[in-house]
Amino acid sequence: MDLADKAANLCVNGVTVQKKREGYLDWKEYFMATAFLAAKRSKDPSYQVGACVVNKENKIVGVGYNGMPTGCSDDEFPWGKNTPSPLDSKFLYVCHAEMNAILNRNSADVKNCTIYVGLFPCNECAKIIIQSGITEVVYLSDENAHKPTYIASKKMFDAAGVKYWQFKPKNEKIVINFTGIDWESMSPSK
Ligand SMILES: Nc1ccn([C@H]2C[C@H](O)[C@@H](COP(=O)(O)O)O2)c(=O)n1
Ligand SMILES: [Zn+2]
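First residue of the sequence shown: 31, per the numbering used here; consecutive thereafter.
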C-alpha cells in the first residue's frame, strides 16, 4: 500500500477514530485520467488522444479516443501522414476523440457538460462541441496553439461562450496496478 493511501487515524479521548483515506483522485484528475486511459485504445501510431464528457452531477456520460469509423478496419485504413495522395493518409478518415466521446454519449444530450481532453480540440471538434451544448473544455496540452486550426477553435469558443482552461495535474503519473488492491485495508472490520 502506498503511504499516501493510508487512512489517517485520529486519537480522540483515547479512542482511535478512522478518518477517510487520503491520496484519492479528485474529480478533475479522475476525469482527465479517464480520458488518458481511453487514449490507450487508440491505434494511431503518432498521436493517441482521449476525451471524457462529464455532466453537472460529476457523472461521466461519454468517453472516446481517436480512431477509424465503425466498419473501417484499423488494419486496412491508413495511419500515415505524409503521403502523396491525401486518400492514403489518415486525415480524411480518423474520427477525433472529442467527436467519438460526444457521439458515444449514454445520455439524451450533453448540454452544459464539460469535456476533458488530452489535446486542445481542433476546429472541427470545436464546432461539434459548441453544437452539442458542451460549455466547458478542459485540456492538458495546447501544443498546436500556433496553428490556424486551433486559433479558429478558440475564436469559436470565445464567440460561443464556451469556457476553456488548461489542466495542471497534481500527479505526473497515476499508476494502475492490477495486483495493487489491498483487501486487508478494505475490510470493514479493520
Ligand atoms: N484534439 C485532438 C487533436 C487530435 N486528435 C487526433 C487526430 C489524429 O488521429 C491525431 C492527430 O494527428 P496528427 O495530425 O497530429 O498526426 O490526433 C484528436 O483526436 N483530438
Ligand atoms: Zn478534432
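Cβ atoms here follow ideal geometry from the backbone N, Cα and C, with glycine treated the same way.
7 Å CB neighbourhood of residue i in its chain, flanking five on each side removed
| i | result |
| --- | --- |
| Ala34 | Residue confidence for Ala34 is low, a pLDDT of 49 falling below 50, so the modelled location carries little weight and cannot support an answer. |
| Phe107 | Met98, Tyr123 |
| Cys152 | His126, Thr179, Tyr180, Ser183 |
| Ile158 | Glu128, Met129, Ile132 |
| Cys155 | His126, Glu128, Met129 |
Cβ-based neighbour list, residue i, same chain, cut-off 6 Å, excluding 5 preceding and 5 following
| i | result |
| --- | --- |
| Val222 | No information on residue 222 is available, as it lies outside the stretch 31 to 220 that the chain covers here. |
| Gln78 | Ala69, Ser72 |
| Lys50 | none |
| Trp57 | Asn88 |
| Ser171 | Leu149 |
| Asn96 | Ser72, Asp74, Val79, Val124, His126, Ala127 |
Exposure label - residue i; buried when at least 16 CB within 10 Å
| i | result |
| --- | --- |
| Glu128 | buried |
| Thr165 | buried |
| Ser162 | buried |
| Asn136 | exposed |
| Ser72 | buried |
| Cys41 | exposed |
| Val205 | exposed |
| Val45 | exposed |
| Phe66 | buried |
| Gly80 | buried |
| Asn39 | exposed |
| Ala175 | exposed |
| Ile211 | exposed |
| Val47 | exposed |
In DSSP terms, what residue i is bridged to
| i | result |
| --- | --- |
| Ile145 | Val83, Val167 |
| Asn207 | Looking at the DSSP assignment, Asn207 forms no beta bridge with any residue, so it has no partner. |
| Asn39 | Gln48 |
| Lys193 | Glu166 |
| Cys125 | Gly97 |
Contact set for residue i: own chain, Cβ-Cβ below 8 Å, skip 5 residues either direction
| i | result |
| --- | --- |
| Gly110 | Asp118, Ser119, Lys120 |
| Tyr194 | Phe150, Glu166, Val167, Val168, Tyr169, Lys184, Phe187 |
| Cys102 | Tyr123 |
| Glu59 | Pro199, Lys200, Asn201, Ile204 |
| Phe197 | Lys58, Met62, Tyr146, Val168, Tyr169, Leu170 |
| Pro75 | Trp109 |
| Thr64 | Gly80, Cys82, Ile90, Val93, Tyr146 |
| Gly191 | Thr165 |
| Ile160 | Met186, Phe187, Ala190, Val192 |
Give me every residue whose Cβ sits closer than 5 Å to any heavy atom of ligand 1, in chain order.
Asp74, Ser76, Tyr77, Val79, Asn96, Val124, His126, Ala127, Leu149, Pro151
Report the residue ranges of all beta strand (DSSP E) runs contained in full by the stretch 58-113; include only those spanning at least 3 residues, in chain order.
80-84, 90-95
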